[in-house]
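Novice: Residue numbers (my numbering): 580 to 862.
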């Protein structure tokens, strides 16, 4: 069409150059589909629907339309925080990667071995595109509120000290998991950080819509998983430390992934702190 109308057009190589420069790629989301979206998909009208089924389908349709609006609003909110917030506002997403088992290999015998799980909580700065992989194995801690709150607390502490008392604001985005982040233990950690680091003016936590919590941290996890598959071609992964090294070298362009190795002595009992704060609030 451009040739017929005599308009300029880009060659195929231009698209390759842009995709390589900005590290863009197409992929099929691997996460489970949203329950409400699937329910709406399964309630498309057929010619045999009775009146009661029709009313039920209409109710699902109304919920679905509201759900789509909320999903779009949450995405717009995240983009606004990323692009329009002041320079001294740190905007991050964080997400827990699927457990990484050891030993792990391509030989079937590894499938039947007892596994030690390694956990990775990725914190991704939307403005600088820097990612911090907070890692530990299940011998050091679980993957609950205490471990996640501690990883975030260490991140806040490092950023606060790096700014040399310059005022800071934080905005965090995550999924809606109550056991890990939507709870009073996380609130207690934020309160403690605000009291301890005087240059932090505010900490805001925003939750993505259930079923649509895909974020930039998922891209980090995808890159790590690809590097794990490549590493397995050269031999099995026997200890968690091998995962840590894979994460450090997974990204081929700067900024590279920072790996923060954690152990049981690092974890802070924010559940005890929450008990001292009291129960006069809800999440």
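Every residue, glycine too, gets a C-beta built ideally from N, C-alpha and C.
Would you kindly work out how many angstroms separate the C-alpha atoms of residue 665 and residue 693, rounded to a whole number?
Specialist: Taking the straight line joining both Cα atoms gives about 49 Å.
Novice: Pick helix, strand or coil for residue 832, following the three-state DSSP scheme.
Specialist: Of the three classes helix, strand and coil, the one that applies to residue 832 here is coil, per DSSP.
Novice: Residues in the same chain with beta-carbon distance under 6 Å from residue 679, minus the five sequence neighbours each way, listed in chain order, please.
Specialist: The answer, listed in chain order, is 697, 822.
Novice: Using DSSP with H/G/I as helix, E/B as strand and the rest coil, what is residue 734?
Specialist: Helix at residue 734.
Novice: Can residue 816 and residue 683 be called in contact, C-beta distance under 8 Å?
Specialist: Yes, these two residues count as a Cβ contact at 8 Å.
Novice: Once you ignore the five residues that flank residue 581 on each side, which residues in its own chain have a CB closer than 6 Å to its CB?
Specialist: 588, listed in sequence order.
Novice: Over what stretch of residues does the beta strand (DSSP E) that includes residue 622 continue unbroken?
Specialist: From DSSP, residue 622 is part of no beta strand (DSSP E); its letter is neither H nor E.
Novice: Could you check which residue in 706, 790, 726, 801 has the C-alpha nearest to that of residue 750?
Specialist: Of the listed residues, the one whose Cα sits closest to residue 750 is 706.
Novice: Give every residue of the same chain whose Cβ lies closer than 6 Å to the Cβ of residue 792, excluding the five residues on either side of it in the sequence, and list them in chain order.
Specialist: Correct list, in chain order: 754.
Novice: Span of the beta strand (DSSP E) holding residue 786?
Specialist: That run of the beta strand (DSSP E) goes 779 to 786.
Novice: Quick one: what's residue 710 bridged to in DSSP?
Specialist: DSSP, once it has assigned bridges, lists 703 as partnering residue 710.
Novice: Would DSSP call residue 757 helix, strand or coil?
Specialist: In this structure, residue 757 counts as coil in the three-state DSSP scheme.
Novice: If you follow the alpha helix (DSSP H) that residue 797 is in, where does it begin and where does it stop?
Specialist: Taken as a continuous stretch (DSSP letters only), the alpha helix (DSSP H) holding residue 797 covers 795 to 811.
Novice: So what's residue 819 in DSSP terms, helix, strand or just coil?
Specialist: Residue 819: helix per DSSP, three-state reduction.
Novice: Would DSSP call residue 660 helix, strand or coil?
Specialist: Looking at residue 660 - three-state DSSP - the assignment turns out to be helix.
Novice: Considering only C-alpha positions, which residue in the set 831, 746, 789 is nearest to residue 777?
Specialist: Ranking 831, 746, 789 by Cα distance to residue 777 puts 746 first.
Novice: What first and last residue would you give for the alpha helix (DSSP H) that runs through residue 596?
Specialist: From DSSP, the alpha helix (DSSP H) with residue 596 extends over 591 to 600.
Novice: Distance, Cα to Cα, residue 689 vs residue 836?
Specialist: Taking the straight line from one Cα to the other gives about 28 Å.
Novice: Give a yes or no on contact between the stretch 794 to 805 and the stretch 768 to 777, applying the rule of three or more CB pairs nearer than 8 Å.
Specialist: Counting Cβ pairs under 8 Å, fewer than three are found: no touch.
Novice: Please report the residue range of the alpha helix (DSSP H) in which residue 584 lies.
Specialist: Segment 581 to 584, the alpha helix (DSSP H) holding residue 584.
Novice: For the alpha helix (DSSP H) containing residue 855, name the first residue and the last one.
Specialist: 849 to 856 is the extent of the alpha helix (DSSP H) around residue 855.
Novice: Which first and last residues belong to the beta strand (DSSP E) in which residue 613 is found?
Specialist: No beta strand (DSSP E) holds residue 613; DSSP gives it neither H nor E.
Novice: I'd like to know whether the C-beta atoms of residue 701 and residue 734 end up nearer to each other than 8 Å.
Specialist: No, the pair does not count as a contact, with Cβ atoms beyond the cut-off.
Novice: To the nearest angstrom, report how far apart residue 764 and residue 772 are at their CA atoms.
Specialist: Whole-angstrom Cα-Cα distance: 12 Å.
Novice: Measuring only the C-alpha atoms, how far is residue 653 from residue 686?
Specialist: If you take the alpha carbons of residue 653 and residue 686, they lie about 43 Å apart.
Novice: Note down, in chain order, each residue of its chain lying with its Cβ closer than 7 Å to the Cβ of residue 660, except the 5 sequence neighbours on either side.
Specialist: So the list reads 670, 750, once near-sequence residues are dropped.
Novice: Drop a sphere of 10 angstroms on the beta-carbon of residue 617, count the other beta-carbons inside from all chains shown, and report buried for 16 or more, exposed for fewer.
Specialist: With fewer than 16 Cβ atoms within 10 Å of its Cβ, residue 617 is classed as exposed.
Novice: Considering residue 690, what are the terminal residues of the alpha helix (DSSP H) in which it resides?
Specialist: Premise fails: residue 690 is in no alpha helix (DSSP H) and is neither H nor E.
Novice: For the beta strand (DSSP E) containing residue 680, name the first residue and the last one.
Specialist: Residues 679 to 681.
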